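With this note's numbering as the guide, the letters of the first sequence map in order to residues -18 to 339. Heads up, the thing below is written out as structure tokens.
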Amino acid sequence: MTGQASLARRLSAWFGRHGRDLPWREHRTPYSVWVSEIMLQQTTAAAVRGRYEAFLERFPDLVALARASEEEVLSEVAGLGYYRRFRAMKKAAEQLVGGGRDDLPGTREELMELPGIGFYTSGAICSLAFSQPVPAVDGNVERVLGRLHAMAERVSSRRGLRAFEDRVLELMEHGEPSTITEALFDLGATVCLPRSPRCDACPLQGSCVARQQGRIDEFPTPKVATTMVDRVVVVGHLGSRRGTLFWRRPDDASRMPGFWELPECWADGFDDGVAKLVALVEKRLGARIALDEVTEMNQARHTITRHRLDCRLISLGTSTACRDEDGVLWVRDPSEIPGPVSTITKKLWRRPAAAGEA
DNA sequence: AAGACGTGGTC
DNA sequence: TGACCAAGTCT
């Protein structure tokens, strides 16, 4: 009651003075909120800053997004990671426009029926775009409220999420929903930091249970670290009169579906990877590749989720006769590719080592 | 409910 | 360097 009202008031006042100035807060429509929320999923504000405006310029509204090709959309966001979210967003736009709409629906239930929109994003759209009292519990909110109330649960469980949403709802009874949402984001991002929080700058310091108990570092309860796996990725450079071979990853690939890349093969060891890569390329192109001696052209490190990758670019020589088929392209430079290009391929290509000639 | 999915930045 | 983190969703 008065406790919650006081928290909401302090939070709102703090936000008025210390809230961040961000591009996606300038003019807000349901569509622009949606776009920014998708881009910001598991992605730093710094990374999104450089991409948000270009995206909105290229796809200004729901109808433009629905009309665009998936290749165009992925090209616009290549490098941001977690590409399923953008494919889902594109599908959702098609569904909505195909159903005769020209903007997002205004209820959490309808929003959550759309691909790529879950509890968090539906709450963000409802509170930020429609000023509805619907919680949007992200990592910031989990940390701020987890410490404030010394909550042992995590939002990863259904019960945990419910508990956090209930706390946000209490605040929203005493404050403007969009202000509460953004204040919690910003407090988490600039004051209630994961490590070394700046508690002396916090408007809620007097009410923070974790702080009173000297247990700030115990909330949220740490996740179990996932163990990393080392793999080798052998990547092949195959030339012809028309340039270098690139191909398109299948639409049902678990990683980076629809992205263009130099042929690559994951393996436990280099030699193993080379053999697999040669077999793969021969099979798909119907070509014959004779490697008497492997020449390494470039090398790079890359990480994909829990995989630590040692990426090696090797020369597969020059092909004379290759059949053309869908999803295969010969180009002089990756920039000529009419679609999104895999980051590994870009890393290996960008730094053609001294021996890049073959 | 745990694990997959990208990438870049920080301490 | 390595561990951890960033406005999550889906299976």
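Quick reminder that beta carbons are idealized off the backbone N, C-alpha and C, glycines included. Note that this is a predicted model, so its numbers are computed, not measured.
Where do the N-terminal and C-terminal ends of the alpha helix (DSSP H) with residue i fall, by residue?
{"i": "Met93", "result": "89 to 93"}
{"i": "Glu274", "result": "That residue, Glu274, is in no alpha helix (DSSP H); it is neither H nor E in DSSP."}
{"i": "Glu51", "result": "51 to 58"}
{"i": "Asp252", "result": "251 to 266"}
{"i": "Tyr63", "result": "Looking at the DSSP string, Tyr63 is not in any alpha helix (DSSP H), and its letter there is neither H nor E."}
{"i": "Gly31", "result": "26 to 39"}
{"i": "Arg48", "result": "43 to 48"}
Going by beta-carbon coordinates alone, are residue i and residue j separated by less than 9 Å?
{"i": "Cys292", "j": "Lys257", "result": "no"}
{"i": "Met93", "j": "Val16", "result": "no"}
{"i": "Arg89", "j": "Gly104", "result": "yes"}
{"i": "Val309", "j": "Ile295", "result": "no"}
{"i": "Ser(-7)", "j": "Ala164", "result": "yes"}
{"i": "Gly97", "j": "Arg66", "result": "yes"}
{"i": "Tyr64", "j": "Met237", "result": "yes"}
{"i": "Arg265", "j": "Trp311", "result": "no"}
{"i": "Thr162", "j": "Leu85", "result": "no"}
{"i": "Val255", "j": "Pro244", "result": "no"}
{"i": "Asp249", "j": "Arg212", "result": "yes"}
{"i": "Ile106", "j": "Glu18", "result": "yes"}
{"i": "Leu129", "j": "Val172", "result": "no"}
If you follow the beta strand (DSSP E) that residue i is part of, which residue opens it and which one closes it?
{"i": "Trp311", "result": "309 to 312"}
{"i": "Gly291", "result": "Here residue 291 is Asp; the residue named in the question, Gly, does not match the sequence. Run containing Asp291: 288 to 299, per the beta strand (DSSP E) assignment."}
{"i": "Glu245", "result": "245 to 248"}
{"i": "Phe227", "result": "224 to 229"}
Assign residue i to one of two classes, buried (16 or more other C-beta atoms within 10 Å of its C-beta) or exposed (fewer than that).
{"i": "Ala35", "result": "exposed"}
{"i": "Gly31", "result": "exposed"}
{"i": "Thr102", "result": "buried"}
{"i": "Met20", "result": "buried"}
{"i": "Ser13", "result": "buried"}
{"i": "Val210", "result": "exposed"}
{"i": "Val216", "result": "buried"}
{"i": "Ala25", "result": "Note that residue 25 corresponds to Thr in the displayed sequence, not to Ala. Burial call: exposed."}
{"i": "Asp119", "result": "buried"}
{"i": "Thr284", "result": "exposed"}
{"i": "Thr326", "result": "buried"}
{"i": "Asp167", "result": "buried"}
{"i": "Val214", "result": "buried"}
{"i": "Thr207", "result": "exposed"}
{"i": "Leu141", "result": "Checking the sequence, you will find Gly at residue 141 rather than Leu. It is buried - the Cβ of Gly141 has at least 16 other Cβ atoms within 10 Å."}
{"i": "Gly156", "result": "buried"}
{"i": "Ser323", "result": "buried"}
{"i": "Ser316", "result": "exposed"}
{"i": "Arg1", "result": "exposed"}
Grouping DSSP H, G and I as helix and E and B as strand, with all else coil, what is residue i?
{"i": "Trp330", "result": "helix"}
{"i": "Ser188", "result": "helix"}
{"i": "Met20", "result": "helix"}
{"i": "His8", "result": "coil"}
{"i": "Cys180", "result": "helix"}
{"i": "Arg(-10)", "result": "helix"}
{"i": "Ala74", "result": "helix"}
{"i": "Val205", "result": "coil"}
{"i": "Ser13", "result": "helix"}
{"i": "Leu219", "result": "strand"}
{"i": "Asp2", "result": "coil"}
{"i": "Arg236", "result": "coil"}
{"i": "Ala335", "result": "The predicted model places Ala335 with a pLDDT of 45, which falls under 50 and marks its position as unreliable; any figure quoted below should be read in that light. Ala335: coil per DSSP, three-state reduction."}
{"i": "Asp211", "result": "strand"}
{"i": "Thr284", "result": "strand"}
{"i": "Met(-18)", "result": "For Met(-18), the pLDDT reaches just 45, beneath the cut-off of 50, and the residue's location in the model is therefore unreliable, leaving the point undetermined."}
{"i": "Glu199", "result": "helix"}
Practice item. Please specify which runs of the alpha helix (DSSP H), each continuous and at least 4 residues long, are wholly inside the stretch 86 to 173, giving them in chain order. Key: 89 to 93, 100 to 105, 120 to 129, 139 to 153, 158 to 171
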